[in-house]
Structures are given as C-alpha cells and as structure tokens.
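There are 2 protein chains.
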Amino acid sequence: ENASVSGIAFQKDQIKFTLHGVGDVPGTAFKILGPISDAEVEVDVIVQNVSVDGKTDFTFTVSSEDEDTVKKVLENVKNDISFKKLIVDSNIAKVSLVGVGMRSQAGVASKAFKALSENDVNIQIICTSEIKITMVVEKDLVDKAVEVLHKEFELEK
Amino acid sequence: ENASVSGIAFQKDQIKFTLHGVGDVPGTAFKILGPISDAEVEVDVIVQNVSVDGKTDFTFTVSSEDEDTVKKVLENVKNDISFKKLIVDSNIAKVSLVGVGMRSQAGVASKAFKALSENDVNIQIICTSEIKITMVVEKDLVDKAVEVLHKEFELEK
Ligand SMILES: C[C@@H](O)[C@H](N)C(=O)O
Ligand SMILES: C[C@@H](O)[C@H](N)C(=O)O
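Chains A and B, in that order, are what the protein sequence lines are. Take this note's numbering: the last position of the first sequence gets the number 320, and nothing is skipped along the way. Take this note's numbering: the last position of the second sequence gets the number 320, and nothing is skipped along the way.
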C-alpha cells in the first residue's frame, strides 16, 4: 500500500470561494467559471457535490493574489446566478497525496484520513482522481498535515 | 487551449453513494471510508465540499458490482456516524477530461461546462486536479457528453 504513494504536495497561498446554494441546472457551472476564465484568473481546485432539493455548493480555489479580481467578477455575475451566499476563505491550504494506482486503494485514502483525524486536522474539502487525493485544510494546520502524512506513508521529507 | 486536452475518458458501471448531512469533524471521513476499505471495495471518486452550519455531504463512487457490499458496510456504520440520509444512485457515469497543465486554464473547464450545458447535460459532480477534470453525469447522457466534448476539444474519437 505504501508503495503507491510517491509524494505529498502542498500549496499555501490560496483562497477558496464557495457559492452556497446554486441551482443544479445546466449552465450554472459555466456561468460561474466562464467569467473567471475571461478575467484570466488561474483556477486550481474546482469541487461540486451532488445537489439536494435542487441546490448545491460550487467551490473553487485561486491564488491569493487574485482575490480582488474574483470578488469583482462574482459581483457582476450575481444577477445571473442565484445563490444563497458567497463564502470566501483565505485561511486555507491544499495538501495532496500523489501516487499511482491510488484509486484502487480506498485503503490509502482511509489511512490518510485516519492519520489526519488522529492529529485533529479537519478536512474541509476532498477531491480524488486516479493518481491523486487532494484535500483542503486550515492554513495553520498544513505543516502538521504534511508531517503526519509523511510519517504515515513513510516518505522522505 | 485545445492543445492541453489530450483525451476524454468515461466509465459507466458505477454507483454513487452520498451521505447527506455528516458532521464536519475530524474522523468522519475515516469512519466512512475505513470500513469500505476493510471490505476490500475499490473506491473511485471521493468528493466532499465545505460544510455549512457544521454539516456537509460525503460522496464516493464504486463499481456497480459492489453495491450490496457497500450497503451492508454503511448499515453497520450507521450508528457510528450521524447523517441525515443516504442517497444511492446507480443511474450515473463518470466523464473525465484528461490533459496536462489543465489547472491553469479555467478556460478549459469553462469551455467543457459550456458545451455540456448547451447540450442539456447536467453536471452532478465536479472534481478537478492539475491534469484532470472529473464529472459525474446521468448514465443516459454519457455518450452525448463524450461526443460533445470530443467535438468541443477537436479530439479524434
Ligand atoms: C451546478 C452545476 O454544475 C450544474 N449542474 C451545471 O451543470 O452547470
Ligand atoms: C467531513 C469530514 O471530511 C471531516 N471534516 C473529517 O475530517 O473527517
């Protein structure tokens, strides 16, 4: 199992924007991200879960330096997309486990989640692909998270 | 922009489990995924967005053949994790855009979202990493989604 995790990556200077309570209809994701991309802002993580009662949350992270640009863009699209509230959080960091064949091992993910929970690191966002588990945690906890995961997966620092 | 998308992947025989309304405290993700991994079930996508009022939704997909195993496992953990309801949906498929350097191009994501919305394909889940945009759509729409994305990004079938 350990053999499949090849490294831990992290990124601190990010800011998270969450549009809480958007309508789950075709076009919503484009109405949010289209204007952001037109403003030439680089987006990192995009995450959206299933809707319940027709509403869902749409979250994306950008570099901290783009905070004002994104706020302006979202101000302009406010009338085009209905959402209950905008949650902006700059007190975050991204931590990723990188490896190959990870997907087939819920064990890797659960091992990472266990190690973080034993060290009181709350996981705010989780998003996985075949070779990567991406998590967002509180900025102050990212160093601890990276250390805990290095130890858990027996990786060199 | 197009140059950065190298392919489209899809997977049909999946089933999506969503624990709606879990507590956003350390240990929750492990309590859900630990038993699933102990049962040797292969998990594909795991996605969780930020919590609002201390609650969030935890979704993961597995192969359709593992439906009964996962249901049994979740039945056993029900008392250990508080959640409002379990939503199980086998009418889904995964569609992914694969490429390099994709992250830096919100443009790629917004282009994909636009093309899908113009063809009335609703996106149920979105989860991105640097080289991949993963989406979950209704099973009946996956062929159309793949075709639309091939055309949009000028890829060979
Ligand atoms: C919420 C958003 O993803 C919507 N379902 C869409 O397809 O654009
Ligand atoms: C919801 C779940 O991810 C929780 N925040 C945890 O850390 O386990």
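Even for Gly, the Cβ is constructed at its ideal location relative to N, Cα and C.
*Under a three-way DSSP split, which group does B:V208 fall into?*
For the purposes of this step, residue 208 of chain B is identified with residue 45 of the second sequence, where counting begins at 1. Three-state DSSP puts B:V208 in a strand.
*asked:* Below 7 Å on C-beta distance, what does B:T297 contact in chain A?
replied: As a position in the second sequence, residue 297 of chain B is number 134, starting the count at 1. Neighbours of B:T297 on chain A, chain order: S292.
*Cα-Cα separation, B:K314 to B:V284*: Numbered from its first residue, the second sequence carries residue 314 of chain B at position 151. Numbered from its first residue, the second sequence carries residue 284 of chain B at position 121. In this structure, the alpha-carbon of B:K314 lies about 15 Å from that of B:V284.
*Are the C-beta atoms of A:V309 and some chain B residue less than 7 Å apart?*
The sequence position of residue 309 of chain A within the first sequence is 146, counting from 1. Taking a beta-carbon distance threshold of 7 Å, A:V309 does not count as an interface residue toward chain B.
*Label B:D216 either buried or exposed according to how many other C-beta atoms from any shown protein chain fall within 10 Å of its C-beta, with 16 as the threshold for buried.*
Here the question's residue 216 of chain B lines up with position 53 in the second sequence. Exposed, since its Cβ has fewer than 16 Cβ neighbours within 10 Å.
*asked:* Quick check: the Cα distance between A:F146 and A:S214, rounded to an integer number of angstroms?
replied: Outside the shown range of chain A (164 to 320) lies residue 146 of chain A, about which nothing can therefore be said.
*Does the beta carbon of A:A308 fall short of 6 Å from some heavy atom of ligand 2?*
For the purposes of this step, residue 308 of chain A is taken as the residue at position 145 of the first sequence. No, the Cβ of A:A308 stays beyond 6 Å of every heavy atom of ligand 2.
_Quick check for students: name the residue ranges of the alpha helix (DSSP H) that lie wholly in the stretch 184-251 of chain A, counting only runs of 4 or more._
If we require 4 residues or more, the alpha helix (DSSP H) runs fully inside the stretch 184-251 of chain A come out as 191-201 and 230-240.
_Within 7 Å, strictly: CB atoms of B:V236 and B:I178_ = Counting from one through the second sequence, the residue named residue 236 of chain B turns up at place 73. Counting from one through the second sequence, the residue named residue 178 of chain B turns up at place 15. It is not a contact, given that the beta carbons lie outside the stated cut-off.
*Pull out every residue of the stretch 267-279 of chain A whose Cβ sits closer than 9 Å to any Cβ of chain B, in chain order.*
Correct list: S267, Q268, A269, G270, V271, A272, S273, K274, A275, F276, K277, A278 and L279.
*chain A beta carbons: is any one of them nearer than 7 Å to that of B:N254?*
Residue numbering aside, residue 254 of chain B sits at position 91 when the second sequence is read from its first letter. Proximity of B:N254 to chain A, defined by a Cβ-Cβ separation below 7 Å, is not satisfied.
*Along chain A, which residues have their Cβ under 7 Å away from the Cβ of B:D283?*
Position 120 of the second sequence, counted from the start, is the residue given in the question as residue 283 of chain B. Those are P189, listed as they occur along chain A.
*For A:A172, count neighbouring Cβ atoms within 10 angstroms of its own Cβ and tell me buried if that reaches 16, exposed if not.*
Stepping through the first sequence from its first residue, residue 172 of chain A is reached at position 9. In this structure A:A172 is exposed. Its beta-carbon is surrounded by fewer than 16 other beta-carbon atoms within 10 angstroms.
_Just to be sure I understand the criterion: a residue counts if its Cβ is closer than 5 Å to at least one heavy atom of ligand 2. Which residues meet that?_
Listed by chain position, these are A:N285, A:I286, B:D187, B:P189, B:T191 and B:A192.
*Which residues in the same chain have their Cβ closer than 8 Å to the Cβ of A:D207, if we skip the five residues on either side of it in sequence?*
Against the first sequence, residue 207 of chain A aligns to sequence position 44. Only Q174, Q177, F223, T224, V225, S226 and K257 meet the Cβ criterion.
*Quick one: grab the DSSP three-state call for A:V299.*
As a first step, residue 299 of chain A must be located in the first sequence, where it is residue number 136. Residue state, collapsed to three classes: strand.
*Would you grab the beta carbon distance between B:I286 and B:T181 for me? Rounded to a whole angstrom, and I think it's under 8 Å.*
The count along the second sequence starts at 1 and reaches residue 286 of chain B at position 123. The count along the second sequence starts at 1 and reaches residue 181 of chain B at position 18. Between B:T181 and B:I286 the Cβ distance is about 15 Å, and since that is not below 8 Å, they are no contact.
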